[in-house]
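Following my numbering, the numbering of the sequence shown begins with 67 at its first residue and continues without gaps. By construction, the Cβ of each residue, glycine as well, lies at the ideal position given by its N, Cα and C atoms.
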Amino acid sequence: MAGSNIYESPRLLDEYLLFHYGSETDVFADGEIPYPAAMREAMGFTRRTVGYFGEFTVARGLDLGCAVGASTFAMAKHCEHVVGIDFSHAFIDAAAALHRGETIAYRRHDEGGMYQELRARAAGRIDRCSFEQGDAMELRTDLGAFDRVHAANVICRLPRPTALLDRLPELVHPGGELILATPCTWLEEYTPPSAWPMGDTFSWLQQQLSPHFELMHRCHEPFLIRETARKFQWSQSLVTCWQRK
Ligand SMILES: C[S@@+](CC[C@H](N)C(=O)[O-])C[C@H]1O[C@@H](n2cnc3c(N)ncnc32)[C@H](O)[C@@H]1O
Numbered sequence: 067m068a069g070s071n072i073y074e075s076p077r078l079l080d081e082y083l084l085f086h087y088g089s090e091t092d093v094f095a096d097g098e099i100p101y102p103a104a105m106r107e108a109m110g111f112t113r114r115t116v117g118y119f120g121e122f123t124v125a126r127g128l129d130l131g132c133a134v135g136a137s138t139f140a141m142a143k144h145c146e147h148v149v150g151i152d153f154s155h156a157f158i159d160a161a162a163a164l165h166r167g168e169t170i171a172y173r174r175h176d177e178g179g180m181y182q183e184l185r186a187r188a189a190g191r192i193d194r195c196s197f198e199q200g201d202a203m204e205l206r207t208d209l210g211a212f213d214r215v216h217a218a219n220v221i222c223r224l225p226r227p228t229a230l231l232d233r234l235p236e237l238v239h240p241g242g243e244l245i246l247a248t249p250c251t252w253l254e255e256y257t258p259p260s261a262w263p264m265g266d267t268f269s270w271l272q273q274q275l276s277p278h279f280e281l282m283h284r285c286h287e288p289f290l291i292r293e294t295a296r297k298f299q300w301s302q303s304l305v306t307c308w309q310r311k
């Protein structure tokens with residue numbers, strides 16, 4: 067058992083469909099509200115983290131904790147096949163529907179009982195993707211190895227984060243690329259404090275990964291999840307890019 071039921075809820079499904087597929091106009095619909103420029107700059111997170119992979123085409127990619135799939139579809143631009151895995155059945159069902167070319171209707175919450183119906187549709191090489199429900203801490207043994215692995219904002223949502231970190235050397239081909247992004251929001255509701263990093267998350271990642279991976283790049287990427295017209299989660303994700311030794 068892992069993950070949290072909150073990611074099965076209709077509210078989170080709506081918020082993530084907006085986060086992954088909403089346009090700037092969809093997200094900042096109320097022209098009267100003076101949203102700071104930094105909020106607009108946080109748009110497109112799911113594509114920006116994928117942008118740290120090389121711009122050449124490889125055979126196999128893996129997107130762990132893919133949610134409703136926007137990063138998986140983005141990875142397909144330079145991967146012949148990308149597998150998206152998430153623990154949430156609701157998220158994977160939505161990603162799979164988008165993969166079939168369907169348009170999904172979802173609701174943007176404005177305030178109180180006010181909602182706006184919007185539609186999500188995936189673009190690009192959606193034919194190169196597949197989605198499956200799975201646990202990032204107990205991935206199926208026949209998953210094989212990949213040229214690129216992406217795990218954005220998932221490590222600090224796992225009850226046993228080291229279970230994923232320990233599996234990564236096997237998941238990435240020698241010379242392959244790994245991108246880990248995390249806002250380092252360790253919370254007891256997802257991860258017992260005994261499994262949190264002892265110090266800062268970056269030092270812990272370095273300690274865990276450096277025997278098998280070389281750190282290539284480290285930076286910060288903001289992301290924005292809209293709850294209502296006037297309430298947003300604005301976070302900075304620590305992005306680390308690694309090459310498998
Ligand atoms: C904060 S969201 C990030 C989603 C996406 N990568 C993004 O950047 O929008 C965390 C995701 O991790 C998924 N998740 C939580 N526990 C998981 C687990 N054990 N295995 C796989 N996915 C998990 C959740 O369902 C959710 O989609």
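For the pair Ile158 and Gln199, the Cα-to-Cα distance works out to about 6 angstroms. Partner residues in the beta bridge of Glu243, as assigned by DSSP, are Arg214 and Gln309. If you draw a straight line from the Cα of Pro259 to the Cα of Trp252, it comes to about 8 angstroms.
Met180 is bridged by DSSP to Glu177.
Here the stretch 79 to 90 makes contact with the stretch 134 to 151; the two share three or more CB pairs at distances below 8 angstroms. Runs of the alpha helix (DSSP H) lying entirely within the stretch 92 to 130 and spanning at least 4 residues, in chain order: 103 to 107 and 111 to 116. The criterion of a C-beta distance shorter than 8 angstroms is not satisfied by Arg126 and Phe197. The three-state reading of DSSP puts Asp152 in strand, counting E and B together. Collapsing the DSSP output to three states places Ala202 in coil. Rounded to whole angstroms, Glu121 and His144 show a C-alpha spacing of 7 angstroms. Under the three-state reduction of DSSP output, Ala188 falls in the coil class, being neither helix nor strand. Counting C-beta pairs closer than 8 angstroms gives three or more between the stretch 276 to 286 and the stretch 233 to 245, which meets the contact rule. For Trp252, no pairing in a beta bridge is given by DSSP. With respect to the C-alpha of Val116, the residue from Arg106, Ser154 and Arg214 having the closest C-alpha is Arg214.
Straight-line spacing of the CA atoms in Met203 and Ala142 works out to 24 angstroms. Note on the stretch 257 to 298: whole alpha helix (DSSP H) runs with a minimum of 4 residues are 267 to 275, in chain order.
Burial check for Glu90: the Cβ neighbour count within 10 Å stays below 16, so the residue is exposed. Per the DSSP secondary-structure output, Tyr172 pairs in a beta bridge with Leu184. Listed as beta-bridge partners of Phe197 by DSSP are Gly150.
Leu231 carries a helical assignment under DSSP once its states are collapsed to helix, strand and coil.
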